[in-house]
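Here's the structure, in C-alpha cells; my notes come after.
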Amino acid sequence: MIAIERNNIFRSRFNYQGELMDPKIKLMFQDKHVTEGAARFGVSPKDLTFIGGFQNFIYSYNRNEMKYILRFTPSTLRTSEGLAAEIEWIRYLSEKGVSVSDPVSSLDGKDFERILGNKMDFYVTSFKHAPGSKIGYPECLGNSMLYEQCGRITGCVHELSKLYKPLAERHTWEFNDYILRAKVYLPSELQPVLHALEELKKHLASLPVNTDNFGLIHGDINVGNFTVDELGQITLFDFDECQYSWYVEDIAIQLYYLLYVFGEDSKSERKVQYELFMKHFELGYTEDGRQMPDDWKELLKLFLRLREIIVVVGMHRSWDLSQPDGWTREFLQDSYMRIIKGISLIDEF
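Okay, here's the thing in C-alpha cells:
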C-alpha cells in the first residue's frame, strides 16, 4: 500500500498529462495555433478535446466514428528533420507488423505541418488513437503477463531497428533535452547531481556500440505510452522521445517506472517486483529466437541511474520546489542520495 500511495501522489504530479510541460512554452501556445493546426488536418477546433501531454499539447478528435490524436510540438523541442525521422520510424514499424499508433497525413498529404508563431513555431502531427485501454497503477504492478508482453514488443522493435535504414536522422542519447539542459534546470546547490551526470555520460560514451546493441529505440516505453486490448496485445504510441541509444535503455526505462514507486522503506517489495519483471520480460523478449542485448543485466544499473537523473531534472524544470510537500521532499532526498553515490534502484539487492 505504501508503494501504491507513493505512486498515486507522484503520478498525480509527474504524469503524462501535461504536468511537466515547460511553463514558458505554455505561455507561447495560443488558441490561434490550435485553430490553424486543426484546419490543416480538416478538423474544426470545436471538435477537439484537450487531453494533456508531457512535452507537447495533445488533443483528441473523432471522424467517421474513429478516434484520432492531434499533437502540437514546440519547435524549440524538435526539428523538422527530427519530426520526419519519428514519423518514418513509426511507419516502418507498422509496415513490419508492430502494433503502433499510425500517423495520419494532413489535407495537403504532409506528415506534419508547421504553424508559425511570434517567438516559437509549432509542428502539428496527427495519429490514429491506439485501440484498447491503458493499464495504470496498481494493476501494472506484479502483472507477469504484462511484463512478458512488454518484453515481446520491445524485442520486436529492437530486432527491426537492427535492419532499419532511415532517410531522416534522429538525435542520439546525449542530445536528450534533459541531459543537454540539466545545468539550466537544476539549481546551483545541486552541483553534485550535475557532476554525477557528467561522470555517467563519460561512462556511457565508453560503452561498445554495434548493430547488435545500439540503434533507434522508442525511448519512453511505460504504462502511460501504450494501451492493451482484450487479447492482451500492446499498442505503442508517443514516439516523441525516440532516439539512437543502447537497446538496454529501452528496458531500463520500463523497469524504473515499476520500481520507483517503492521507497527506501519498501526495498523488499522492490526486489520482488524486479525479479518478476526480469523473468517475464526476458521470456517475451527472447521469443522467436531473439537475443537479449549483451551484458544487459549489468548495464541496466547505468541506465536506471540515467533515468533517475532525467526525472529529477524534469521535476526541477517545471515544479516549484521551494517548499516541497513531505512526499516530494522524501522522494527527492532518496533520488539525490542514489545519484550522488552513483547507485541505482537495484544496486542494493
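With the numbering used here applied, the sequence shown corresponds to residues 62 to 410, in that order. In this text, a Cβ means the ideal position worked out from N, Cα and C, and glycines have one as well. All of these numbers come straight from a predicted model, not from anything done at the bench.
Original post:
Can you check whether the CB of residue 200 is closer than 8 angstroms to the CB of residue 342?
Top reply: no
Original post:
Out of curiosity, what's the CA-to-CA distance linking residue 246 and residue 375?
Top reply: 8 angstroms
Subject >> Reduced DSSP secondary structure (H/G/I, E/B, other) of residue 101 >> reply: helix
Original post:
Tell me, which residues are paired with residue 305 by DSSP?
Top reply: 233 and 277
Subject >> Coarse secondary structure for residue 77, derived from DSSP in three states >> reply: For residue 77, the predicted model reports a pLDDT of 36, less than 50, meaning its position is unreliable; a value from the coordinates is still stated below. Residue 77 falls in the coil class under three-state DSSP.
**OP:** Count the other C-beta atoms from every protein chain shown that fall within 10 angstroms of the C-beta of residue 299, then say buried if there are 16 or more, exposed otherwise.
**Re:** buried
Original post:
Ordered along the chain, which non-local residues of its own chain (more than five positions away) have a Cβ less than 7 angstroms from that of residue 99?
Top reply: 105, 106, 109 and 131
Original post:
Among 351, 323, 336 and 372, which one has its Cα closest to the Cα of residue 358?
Top reply: 336
**OP:** Measure the alpha-carbon distance for residue 318 versus residue 401 and round it to whole angstroms.
**Re:** 20 angstroms
Original post:
Got a sec, what are the start and stop residues for the alpha helix (DSSP H) residue 142 sits in?
Top reply: 141-156
**OP:** Report the three-state DSSP secondary structure of residue 387 (helix, strand or coil).
**Re:** helix
Original post:
Mapping DSSP to helix, strand and coil, what is residue 175?
Top reply: strand
Original post:
Roughly how far, in whole angstroms, is the beta-carbon of residue 146 from the beta-carbon of residue 213, given that I think they are within contact range, below 8 angstroms?
Top reply: Rounded, the Cβ-Cβ distance is 25 angstroms, inconsistent with contact.
Subject >> Exposure label - residue 71; buried when at least 16 CB within 10 Å >> reply: Unreliable placement is indicated for residue 71, whose pLDDT of 48 sits below 50; no coordinate value is reported for it.
Subject >> Those residues which DSSP pairs with residue 187 across a bridge >> reply: 131 and 165
**OP:** Compute the Euclidean distance between the alpha carbons of residue 211 and residue 189, then round it to the nearest angstrom.
**Re:** 21 angstroms
Original post:
With burial defined as no fewer than 16 other Cβ atoms inside 10 Å of the residue's Cβ, what is the status of residue 134: buried or exposed?
Top reply: buried
Original post:
Where DSSP assigns a beta bridge to residue 289, which residues make up the other side?
Top reply: 194 and 295
Subject >> Cα-Cα separation between residue 111 and residue 185, rounded to whole angstroms >> reply: 14 angstroms
**OP:** Give the C-beta separation of residue 362 and residue 395 to the nearest angstrom, bearing in mind that I take them to be a contact with Cβ-Cβ under 8 angstroms.
**Re:** Actually they do not touch by this definition, with Cβ atoms about 16 angstroms apart.
Original post:
Taking just the CA atoms, how far does residue 219 sit from residue 322?
Top reply: 27 angstroms
**OP:** Can you say whether residue 236 is buried or exposed, counting buried as having 16 or more other CB atoms within 10 angstroms of its CB?
**Re:** exposed
Original post:
Counting pairs of beta carbons, one from the stretch 279-288 and one from the stretch 299-317, are three or more of them closer than 8 angstroms?
Top reply: yes
Original post:
Over what stretch of residues does the beta strand (DSSP E) that includes residue 122 continue unbroken?
Top reply: 118-124
**OP:** Give the range of the alpha helix (DSSP H) segment to which residue 215 is assigned.
**Re:** 205-222
Original post:
Which one or two residues does DSSP pair with residue 350 in a beta bridge?
Top reply: Paired residue(s): none; residue 350 is not in a bridge.
Original post:
Does the pairing of the stretch 383-393 with the stretch 348-355 give three or more beta-carbon distances under 8 angstroms?
Top reply: no
Subject >> Per DSSP, the bridge partner or partners of residue 110 >> reply: 121
**OP:** Would you identify the three-state DSSP class for residue 403, choosing helix, strand or coil?
**Re:** coil
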